[in-house]
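Taken in order, the sequence shown gives residues 948 to 1107; the numbers are from the working numbering.
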Amino acid sequence: MVAVIRKLSVEYVDALIEVARESWKWTYAGIYSDEYIERWIREKYSREKLLNEITRSRSESDLLFLGAFVDLKLSGFMEVKIKKYNAELLRLYLKPEYTHMKIGRDLLSEAEKVMKERGVSECTLYVHSQNEVGISFYLKNGFKVKGRDGNDFLMVKKYE
Ligand SMILES: CC(C)(COP(=O)(O)OP(=O)(O)OC[C@H]1O[C@@H](n2cnc3c(N)ncnc32)[C@H](O)[C@@H]1OP(=O)(O)O)[C@@H](O)C(=O)NCCC(=O)NCCS
């Protein structure tokens, strides 16, 4: 499946919330309850917060918010914080039916292009230790487990 990867704009905010909700329910089934997930989406993916973040990502260079589009519809998104020499992958979520089609790989490589231009030498992320799909994807894409923080693994990828 070929997805078009481009910077997100505010008109996709509602689509993004839907992708996040579906992806969270699929990813964390058996890990978090439905109530927990709904609360998380309501709070962390509130329309207001996302509008701020998307707007900021379009005007300031420290935040990169990418969308993956299939037939003009949002199938997934990625948010990365890019600092001077390092980056933190904050969010990477696809709708369940679009997983396993290399869209995640394409989002990551687009972000890595930007990281390279900015001279980033390592990217870190936190992934839930029971999120097997996520962990397996990151291991296959060059990340290594570097530590543990509560329920999460800290993973790191170094660049030349
Ligand atoms: C993690 C994620 C972004 C990867 O993107 P993707 O486009 O699905 O992955 P790719 O097709 O590029 O890579 C494939 C690898 O990812 C893993 N993977 C992806 N989708 C999977 C699925 N549905 N079931 C099992 N493993 C899967 C496997 O390791 C797979 O390797 P394989 O082809 O050798 O089996 C995506 O699966 C997703 O959104 N998952 C749910 C949300 C999530 O876990 N996000 C990370 C939170 S930190």
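For every residue, glycine included, the Cβ atom is placed at its ideal position computed from N, Cα and C.
Quickly, what does DSSP pair residue 976 with across the bridge? List them, please.
Counted from its first residue, the sequence shown places residue 976 at position 29. None, per the DSSP bridge assignment.
Assuming contact is defined by CB atoms lying nearer than 8 Å, are residue 956 and residue 1001 in contact in what I supplied?
The sequence position of residue 956 within the sequence shown is 9, counting from 1. The sequence position of residue 1001 within the sequence shown is 54, counting from 1. In this structure, residue 1001 lies closer than 8 Å to residue 956 by Cβ.
Mind listing, in chain order, the continuous beta strand (DSSP E) runs of no fewer than 3 residues lying wholly within the region 988-1034?
1010-1017 and 1020-1029
Spatial neighbours of residue 948 within its chain, please: C-beta separation below 6 Å, excluding the five flanking residues on both sides.
Position 1 of the sequence shown holds residue 948. Within the same chain, and ignoring the five residues on either side of residue 948 in sequence, the residues whose Cβ sits closer than 6 Å to its Cβ are 1048.
For ligand 1, I want to know if residue 1072 counts as a neighbour, meaning its beta carbon is within less than 7 Å of at least one of the ligand's heavy atoms.
Residue mapping note: residue 1072 aligns to position 125 of the sequence shown, counting from 1. Yes, Cβ of residue 1072 sits closer than 7 Å to a heavy atom of ligand 1.
When we look at the beta-carbon of residue 1139 and count the other beta-carbons within 10 Å, is it buried (16 or more) or exposed?
Lying before the first or after the last residue shown, residue 1139 is absent from the chain, which here runs from 948 to 1107.
Out of 1097, 1107, 1051 and 1058, state which residue places its alpha-carbon closest to the alpha-carbon of residue 1086.
Within the sequence shown, the letter at position 139 stands for residue 1086. When the alpha-carbon of residue 1086 is set against those of 1097, 1107, 1051 and 1058, the nearest one is in 1051.
Below 7 Å, is the gap between the Cβ of residue 992 and the nearest heavy atom of ligand 1?
Here residue 992 refers to the residue found at position 45 of the sequence shown. Every heavy atom of ligand 1 is 7 Å or more from the Cβ of residue 992, so no.
Residue range of the unbroken beta strand (DSSP E) whose run includes residue 1100
Looking up residue 1100 in the sequence shown gives position 153. Counting along the chain, residue 1100 sits inside the beta strand (DSSP E) bounded by residues 1099-1105.
Below 8 Å, how does it come out for the region 1030-1042 and the region 1059-1078: are there three or more Cβ pairs, yes or no?
yes
If the criterion is Cβ atoms closer than 8 Å, does the pair residue 1103 and residue 1093 meet it?
Position 156 of the sequence shown, counted from the start, is the residue given in the question as residue 1103. Position 146 of the sequence shown, counted from the start, is the residue given in the question as residue 1093. Yes, the pair counts as a contact, with Cβ atoms nearer than the cut-off.
So which of 1095, 1097, 1098 and 1089 has the shortest CA-CA distance to residue 1105?
Within the sequence shown, residue 1105 is the residue found at index 158, counting from 1. The shortest Cα separation from residue 1105 among 1095, 1097, 1098 and 1089 belongs to 1089.
Neighbourhood of residue 1066 by C-beta, 8 Å cutoff - its chain only, sequence neighbours within 5 removed:
Residue mapping note: residue 1066 aligns to position 119 of the sequence shown, counting from 1. Taken in chain order, the residues that qualify are 1031 and 1032.
Do residue 1023 and residue 1011 have their C-beta atoms closer together than 8 Å?
Here the question's residue 1023 lines up with position 76 in the sequence shown. Here the question's residue 1011 lines up with position 64 in the sequence shown. No. Outside cutoff.
For residue 1095, report the span of its beta strand (DSSP E) as first-last.
One-based indexing of the sequence shown puts residue 1095 at position 148. That run of the beta strand (DSSP E) goes 1091-1096.
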